[in-house]
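> Residue numbers (our numbering): 266 to 657. All C-beta atoms, glycine included, are put in the ideal place defined by N, C-alpha and C. Quick caveat, the model's predicted, so the values are computed rather than measured. Structure provided below as structure tokens; questions to follow.
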Amino acid sequence: MSIDLQRVRAETIGVNHRIHLNNAGAALMPTPVLDAMTGYLRREAEVGGYETEDEQAERLNGVYRSVARLLGAAPDEIALVENATVAWQMAFYALKFQSGDRILTAQAEYAANYVAYLQVAKRTGAVIEVIPNDESGALCVSALERMIDDHVRLIAITWIPTNGGLVNPAAAIGKIARRNAIPYLLDACQAVGQMPVDVVALGCDMLSAPGRKFLRGPRGTGFLYVRRELMLQLEPPIIDHFGAPWVAADRYELRPDARRFETWENNYAARLGLGVAIDYALSIGMEPIMTRCRLLADMMRNELRRIPGVAIHDLGRERAAIVTFTVAGADAEEVQRRLASDGINVTTSQPSSTLLDATARSLPMIVRASPHYYNTEDEVARLARAVALLAA
Ligand SMILES: Cc1ncc(COP(=O)(O)O)c(C=O)c1O
């Protein structure tokens, strides 16, 4: 099945004004998402926030089913939260660590996750160990295999990092985690929305992601998957009377589903938008989305690579729709500014977002261009022409 580009572009108002190549930051919402959210907000203004929630309860419940369908999970294994970091923190900080426990992570780990490892290491004496890369720059599965022993308490990695197209071998890691009964937490921020994600095939116990990136949902949305058997054993690090109803003067009871990781108040318009964004992506199909994202990203790499003075910084054998590069003689922020003045949205990635990887490769701040299926080949060519002018 191929993508009806004309239709998806007609349903993406932003493409009329800009060449949006910052989908790894926040993708353009399609009009059904916008309509669902503005309609919901209007209703809140007309009849009241609580009243709208009651009226739309079935649609709002459907968001859990949508996330579950996207991930191949069950709705009771899903918590909806305000961003991917909160989702990840809820899972990570629910785990118990003690001195000598080993946390195995990836070289291209995201900063928010790594500082949490550092905090837990400081508090508990757990140790953080970085799994080496293979010669392609992806996490080395056989090195991971050799690191496993009875002290490994967690494997937590970023599937696709924030600073390039690298796709870490998440399912192969899952097989090792499963075989050794080690909890496996997967940061799928940059994967959801641009490729199929199946938590059973991945073998992960916990997975976090946002709505605003490749899923094309609104900002301020995120979700957590926790495998049911593990979820029932986890006490969230922070609770309120929604996740843990107060049942007696001296007692609370955790909810029997993943909503134990949620709190009471929420932005329901945004939640609804998230659900519509997921349904929209699924109606197009994750396989065709992945095929087109990778086609455009490969085209972008090839065109940029040909420009003298441009260096591509993506690692790995398998590469997703995040392309990072530098232009000799122009710093990344300058490139971003100049492209913006040509109507092209890209962003930059700072070394401190992926400090270990950036240090190992001596990366400066780099430019990040991330196409989505609704971009065109012509837009990619226009980016390359604009970069060529900058590099000249
Ligand atoms: C790999 C990765 N993990 C986590 C995050 C954090 O997501 P959020 O900003 O929704 O908390 C990002 C955001 O850029 C990311 O790229």
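1. Identify whether Trp529 lies in helix, strand or coil by the three-state DSSP scheme.
2. Considering only residues of the same chain and omitting the five flanking positions on each side of Asp341, which have a CB-CB separation below 6 Å?
3. So, under 8 Å CB-CB, Asn610 and Ile284 are touching, yes? Tell me the CB distance rounded to an integer number of Å.
4. For a test of your reading of the model: does the CB of Gly314 fall under 7 Å from any non-hydrogen atom of ligand 1? Yes or no.
5. So, are the CB atoms of Ala625 and Gly574 less than 8 Å apart?
6. Please go through the same chain and pick out, in chain order, the residues whose beta-carbon is closer than 7 Å to the beta-carbon of Glu410, but skip the five residues on each side of it.
7. Can you find the residues in the same chain that come closer than 6 Å, C-beta to C-beta, to Ala534, ignoring five residues on each side of it along the sequence?
8. Could you check what DSSP says for Asn288 in three-state terms: helix, strand or coil?
9. If contact is defined by three or more beta carbon pairs under 8 Å, each pair taking one atom from either stretch, is the region 378 to 395 in contact with the region 476 to 486?
10. Quick one: what does DSSP say Trp424 is sitting in, helix, strand or coil?
11. If distances are taken between C-alpha atoms only, which option among Ser548, Ala333, Ala446, Arg418 comes closest to Val464?
12. Suppose you measure from the CA of Ser667 to the CA of Val346; what does that come to, to the nearest Å?
13. Closer than 6 Å by C-beta to Gly390: which residues in its own chain qualify, once you throw out the five before and the five after it? Chain order, please.
14. Compute the beta-carbon to beta-carbon distance between Ala546 and Leu480, rounded to the nearest angstrom, for a pair I have assumed lies under 8 Å.
15. Could you name the residues of the same chain whose beta carbon sits closer than 6 Å to that of Glu276, not counting the 5 residues immediately before and after it, in chain order?
16. Going by the DSSP bridge assignment, what does Asp452 pair with across the sheet?
17. Could you compute how far the alpha carbon of Ala651 sits from the alpha carbon of Asp399?
18. At what residues does the beta strand (DSSP E) containing Phe488 begin and finish?
19. CA-CA distance, Leu270 and Arg557?
20. Taking the C-alpha atoms as reference points, what is the distance between Thr328 and Glu527?
21. Below 7 Å, is the gap between the Cβ of Pro475 and the nearest heavy atom of ligand 1?
22. Going by the CB atoms, is the gap between Val351 and Val541 shorter than 8 Å?
23. Quick check: Met551 and Met460, are their CB atoms within less than 8 Å of each other?
24. Leaving aside the five residues before and after Tyr358 along the sequence, list all residues of the same chain whose C-beta is less than 6 Å from its C-beta, in chain order.
25. Out of Glu518, Gly279, Tyr379, Leu451, point me to the one whose CA is closest to Tyr490's CA.
26. Could you tell me which uninterrupted alpha helix (DSSP H) segments, each at least 4 residues in length, are contained entirely in the region 592 to 633, listed from first to last along the chain?
27. Can you give the Cα-Cα distance for Gln455 and Leu561, rounded to whole angstroms?
28. In its own chain, which residues sit with a C-beta less than 7 Å from the C-beta of Ala356, not counting the 5 before and 5 after it?
29. Please report how far the alpha carbon of Val512 lies from the alpha carbon of Asn640, in whole angstroms.
30. Between the alpha carbons of Ala595 and Ala289, how many angstroms are there, rounded?
A quick look at the data gives this:
1. In the sequence shown, the residue the question calls residue 529 occupies position 264. Three-state DSSP puts Trp529 in coil, outside helix and strand.
2. The residue given as residue 341 occupies position 76 in the sequence shown. Contacts found: Asp522.
3. The residue labelled residue 610 in the question sits at position 345 within the sequence shown. The residue labelled residue 284 in the question sits at position 19 within the sequence shown. Their Cβ separation, rounded to whole angstroms, is 7 Å, which keeps Asn610 and Ile284 in contact under 8 Å.
4. Indexing the sequence shown from 1 puts residue 314 at position 49. Not under cutoff, so the answer is no.
5. The residue given as residue 625 occupies position 360 in the sequence shown. The residue given as residue 574 occupies position 309 in the sequence shown. No, the Cβ-Cβ distance between Ala625 and Gly574 is not below 8 Å.
6. The residue you call residue 410 lines up with position 145 of the sequence shown. Excluding residues within five positions, the ones whose Cβ falls inside 7 Å are Ile441.
7. One-based indexing of the sequence shown puts residue 534 at position 269. Closer than 6 Å at Cβ, skipping near neighbours: Met302, Tyr305, Leu306.
8. For the purposes of this step, residue 288 is identified with residue 23 of the sequence shown, where counting begins at 1. Three-state result, Asn288: coil.
9. no
10. For the purposes of this step, residue 424 is taken as the residue at position 159 of the sequence shown. Residue state, collapsed to three classes: coil.
11. Reading the sequence shown from its first residue, position 199 is the one you call residue 464. When only C-alpha atoms are compared, the closest one is Ala333.
12. Examination of residue 667 is not possible in this model, given that the chain is present from 266 through 657 alone.
13. Locating residue 390 in the sequence shown gives position 125, counting from the first residue. Cβ neighbours of Gly390 beyond the five flanking positions: Ser364.
14. The sequence position of residue 546 within the sequence shown is 281, counting from 1. The sequence position of residue 480 within the sequence shown is 215, counting from 1. With a Cβ gap of about 6 Å, Ala546 and Leu480 count as contacting.
15. Counting from one through the sequence shown, the residue named residue 276 turns up at place 11. If we look at Glu276 and ignore the five residues flanking it on each side, its Cβ neighbours are Pro295, Thr296.
16. Here residue 452 refers to the residue found at position 187 of the sequence shown. In DSSP, Asp452 forms a bridge with Thr423, Ser473.
17. Here residue 651 is taken as the residue at index 386 of the sequence shown, counted from 1. Here residue 399 is taken as the residue at index 134 of the sequence shown, counted from 1. Using only the alpha carbons, I get a separation of about 34 Å.
18. As a working mapping, residue 488 is identified with position 223 in the sequence shown. Per DSSP, Phe488 is one residue of the beta strand (DSSP E) stretching across 487 to 491.
19. Taking the sequence shown and counting its residues from 1, the one referred to as residue 270 is at position 5. Taking the sequence shown and counting its residues from 1, the one referred to as residue 557 is at position 292. When rounded, the distance between both Cα atoms is 10 Å.
20. On the sequence shown, position 63 is the one that residue 328 refers to. On the sequence shown, position 262 is the one that residue 527 refers to. Reading off the sequence, residue 328 comes out as Val, not Thr. Distance between the alpha carbons of Val328 and Glu527: 14 Å.
21. Here residue 475 is taken as the residue at index 210 of the sequence shown, counted from 1. Yes.
22. What you label residue 541 is simply residue 276 of the sequence shown in a count that begins at 1. What you label residue 351 is simply residue 86 of the sequence shown in a count that begins at 1. Taking 8 Å as the Cβ cut-off, Val541 and Val351 do not qualify as a contacting pair.
23. Along the sequence shown, read from residue 1 onward, the residue named residue 551 stands at position 286. Along the sequence shown, read from residue 1 onward, the residue named residue 460 stands at position 195. Contact flag set, yes.
24. Counting from one through the sequence shown, the residue named residue 358 turns up at place 93. Same-chain partners within the cutoff: Pro502.
25. On the sequence shown, position 225 is the one that residue 490 refers to. Closest option to Tyr490, Cα to Cα, is Leu451.
26. 597 to 606, 620 to 625
27. Residue 455 sits at position 190 when you count from the first residue of the sequence shown. Residue 561 sits at position 296 when you count from the first residue of the sequence shown. Approximately 16 Å between the Cα atoms of the pair.
28. If you number the sequence shown from 1, residue 356 lands on position 91. Counting only Cβ-Cβ distances below 7 Å, and skipping sequence neighbours, we find Leu450, Met471, Ser473, Leu489, Val491.
29. In the sequence shown, counting from the first residue as 1, residue 512 sits at position 247. In the sequence shown, counting from the first residue as 1, residue 640 sits at position 375. Taking the straight line from one Cα to the other gives about 52 Å.
30. Counted from its first residue, the sequence shown places residue 595 at position 330. Counted from its first residue, the sequence shown places residue 289 at position 24. Taking the straight line from one Cα to the other gives about 22 Å.
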